[in-house]
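Take a look at the structure set out below.
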Amino acid sequence: MRGIAAHCPFCLLVIAIVSLAGCDPRGPRHRFNGWAATPQAARLVDYRDFLRRQKVEDALPMESLLRSGRRWRRCGVTEFAVPPESAWANMVPTLAAVKQLRADGLLHGERTASAYRDPVFNRCEGGSSRSKHLANNALDFDLARATPSEVARLCAWWQRHGPALKLGLGFYDADKIHIDTSGFRTWGYDYTRKTSLCTRVSG
């Protein structure tokens, strides 16, 4: 390596760049396409067809809807997962809410961080034993540097539309949120209402 550096000072930089790129040279869509060709994705088409019949297929790209979680590498699971068929219907009302949120410019589907989780991965991910991800009713999103005004808009939307949608809105922090349709409620980092950013906004 010293010989390379002496004769080609830029070679080390090139090697470093190639090495870093080799850690994960493919984007999420490319990885999804590769995963979709594996036996683990056997029910992918059936799930997509089910969502199409429910008129929510266009709520999120499939590579976003099937994201297992942020810690998939650390936990040794696949980045994508098709939920059990018995839980497919649970995602329909949540996707209907997501369609409305996206139409109003409050969410971006490509920033989905987590959807269905099986019990083993949910524990590794740090999820609650009562997590709605286990039932395929929840989605986590990264908001990418959400400003206070954007959080206020989201909370105002939740207060207005949440009761009818049975929308649950949780904040892990200002940039990471949880959405489900298992009851109108909100919470913050410690899973209590008092730490929700919506409580602070309304207060």
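To convert, note that position 86 of the sequence shown is 86 in UniProt numbering; the numbers rise steadily by one, no gaps.
Heads up, the beta-carbon is just placed ideally off N, CA and C, and yes, glycines get one too.
The structure displayed is predicted, hence computed values, not measured ones.
Distance check between N137 and each of L95, W35, L51 and F32 places L95 closest, using alpha-carbon atoms only.
Under DSSP, R185 takes part in a beta bridge, and its partners are G168. In this structure, the beta-carbon distance from R111 to H133 does not fall below 8 angstroms.
With respect to the C-alpha of C155, the residue from S68, S114, R123 and L106 having the closest C-alpha is L106. Under the criterion of beta carbons closer than 8 angstroms, A41 and W35 qualify as touching, at roughly 6 angstroms. In the structure shown, the three-state DSSP call for T38 is coil.
Counting only runs of at least 3 residues, the region 100-178 fully encloses the following beta strand (DSSP E) elements, listed from N- to C-terminal order: 112-114, 138-142 and 168-173. In terms of Cα proximity to P39, the closest of F184, F80, A89 and L167 is F80.
Spanning the alpha carbons of A87 and A115 requires a straight line of approximately 12 angstroms. The bridge partners DSSP lists for D58 come to none.
Residue nearest to D104 within the set W157, A135 and L143 is W157 (criterion: CA-CA distance).
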